[in-house]
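Colleague: The structure follows.
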Amino acid sequence: MEWKMKLSSKNALPIILIGYFSFASPEAGAVEIIKTPYRYPSDMEVAIEAAETFVLCDCKAAPPLAVKPREIPIALKVTEPFHFTLPAPIREEPVQEEGGSAGGGEMREGEPDSTLTAPAGDDSGPAIILFGFNEKRITPEQEKEILKAADRIKKSGGEVNVFGHTCDLGGSDQNDRISRERAERVAAILKERAVTVAEIAGKGSCCPRSTDRRLNRRVEIFVTKNGGDHEK
Numbered sequence: 415m416e417w418k419m420k421l422s423s424k425n426a427l428p429i430i431l432i433g434y435f436s437f438a439s440p441e442a443g444a445v446e447i448i449k450t451p452y453r454y455p456s457d458m459e460v461a462i463e464a465a466e467t468f469v470l471c472d473c474k475a476a477p478p479l480a481v482k483p484r485e486i487p488i489a490l491k492v493t494e495p496f497h498f499t500l501p502a503p504i505r506e507e508p509v510q511e512e513g514g515s516a517g518g519g520e521m522r523e524g525e526p527d528s529t530l531t532a533p534a535g536d537d538s539g540p541a542i543i544l545f546g547f548n549e550k551r552i553t554p555e556q557e558k559e560i561l562k563a564a565d566r567i568k569k570s571g572g573e574v575n576v577f578g579h580t581c582d583l584g585g586s587d588q589n590d591r592i593s594r595e596r597a598e599r600v601a602a603i604l605k606e607r608a609v610t611v612a613e614i615a616g617k618g619s620c621c622p623r624s625t626d627r628r629l630n631r632r633v634e635i636f637v638t639k640n641g642g643d644h645e646k
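This is the structure in structure tokens:
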């Protein structure tokens, strides 16, 4: 590489600075730099013209590898995906109150539990008339049971107490009202058959007979002889 530097001044002749760089042979792998000293006044203006030429390397090609790279296969072990199934959802029936659902609706008359019947009573216990959920109306099946009880009561003599009941669903005020209406409707049929009714009462959800709510929606007819107390 050769640099040419021209120094100019108003009162001085141009000075030419020439620097030489000599490179050893590429096989030597070394570089030798030679500098030529120069001097010029510090108050002189200097103009430098440079023609740059760079030779970085004149190397031989790299020798081939002594060992050929060996391809290493990679094996992946993949397990089967895990499969699972969700259990079938459990259907939960909504809890409705005896006096109606939260939205104010009532169950239709003639639900399956309204067809349940109980013995019309004997000497050991009261006659029981079962009702469907939220039902107060007397169905033909219930009327038949009431008439059977009335016939037996007239044969044995005495008076009756009629108590209505509900299950534990619903508020106490609603259950008291429904149980009272049930008792009154049963007592009305007994009176039509010339049975003396001494007492009519609605007990609400009091005194359940079973853990099955269907068996607790009922009217009980107790027979009292000669004005005495009945046995529960």
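At position 17 of the sequence shown the residue is numbered 431 (the working numbering), and the sequence of numbers has no breaks.
Just so you know, even glycine gets a beta-carbon here, dropped at the ideal spot from N, CA and C.
Model, not experiment: these values are computed from the prediction.
1) Using the C-alpha atoms, what's the distance from Thr493 back to Glu485?
2) According to DSSP, is Val576 part of a helix, a strand, or is it coil?
3) Return the chain-ordered list of same chain residues with a C-beta closer than 6 Å to the C-beta of Ala564, the five sequence neighbours on each side being excluded.
4) Where does the unbroken alpha helix (DSSP H) through Ala608 begin, and where does it stop?
5) Taking C-beta to C-beta, are Gly546 and Thr638 nearer than 8 Å?
6) Rounded to whole angstroms, what is the Cα-Cα separation between Leu544 and Ser570?
7) Quick one: what does DSSP say Arg631 is sitting in, helix, strand or coil?
8) DSSP three-state label for Ile542, please.
9) Determine the closest residue to Glu634 out of Asn589, Arg591, Ile560, Ser586, with distance taken between C-alpha atoms.
10) Tell me, please, which residues DSSP counts as bridged to Phe636.
11) Smallest Cα separation from Thr553: which of Lys482, Asn630, Arg596, Gly539?
12) Applying the 10 Å Cβ sphere with the 16-neighbour rule, what's the burial state of Gly585?
13) For Ala564, name the three-state secondary structure that DSSP assigns.
14) Can you give the Cα-Cα distance for Arg627 and Lys568, rounded to whole angstroms?
15) Going by beta carbon distance, what residues of the same chain come within less than 7 Å of Glu598, once the five residues before and after it are set aside?
16) Per DSSP, which one or two residues make a beta bridge with Gly584?
17) Under 8 Å between the Cβ atoms of Lys407 and Phe577?
18) Take the Cβ of Ser619 as the centre, count every other Cβ of all protein chains shown within 10 Å, and call the residue buried at 16 or more, exposed below.
19) Enumerate in chain order the residues of its own chain whose CB-to-CB distance from Asp647 is below 6 Å, with the five nearest sequence positions on each side excluded.
20) If we count the other Cβ atoms within 10 Å of its Cβ and call it buried at 16 or more, is Ala489 buried or exposed?
21) Are the Cβ atoms of Ile542 and Arg632 separated by less than 8 Å?
Modeller: Based on what the coordinates show:
1) Going by the C-alpha atoms only, they are around 26 Å apart.
2) Val576 sits in a strand when the DSSP states are folded into three classes.
3) Spatial neighbours of Ala564 in its own chain (CB-CB distance under 6 Å, excluding positions within 5 residues in sequence) are listed in chain order as Leu604, Arg607, Val609.
4) Ala608 -> no alpha helix (DSSP H), and no H or E assigned at all.
5) Not a contact, by the Cβ cut-off of 8 Å.
6) Their Cα atoms are separated by approximately 23 Å.
7) Arg631 carries a coil assignment under DSSP once its states are collapsed to helix, strand and coil.
8) Secondary structure at Ile542: strand, using DSSP grouped into helix, strand and coil.
9) Selection Asn589, Arg591, Ile560, Ser586 evaluated against Glu634 yields Ile560 as nearest (Cα-Cα).
10) Note: Phe636 sits in a beta bridge opposite Asn575.
11) Measuring from the Cα of Thr553, the nearest candidate turns out to be Arg596.
12) Gly585 should be labelled exposed.
13) If DSSP states are grouped into helix, strand and coil, Ala564 belongs with the helices.
14) Rounded to whole angstroms, Arg627 to Lys568 spans 31 Å at the Cα level.
15) The residues are Ile614.
16) Gly584 pairs with nothing; no bridge assigned.
17) Any property of residue 407 remains undetermined from this structure, which presents the chain solely from 415 to 646.
18) Buried is the call here.
19) For the chain, the structure presents residues 415 to 646; residue 647 sits outside this window and is missing.
20) Answer is exposed; the Cβ neighbour count stays below 16.
21) For Ile542 and Arg632, yes; Cβs fall inside 8 Å.
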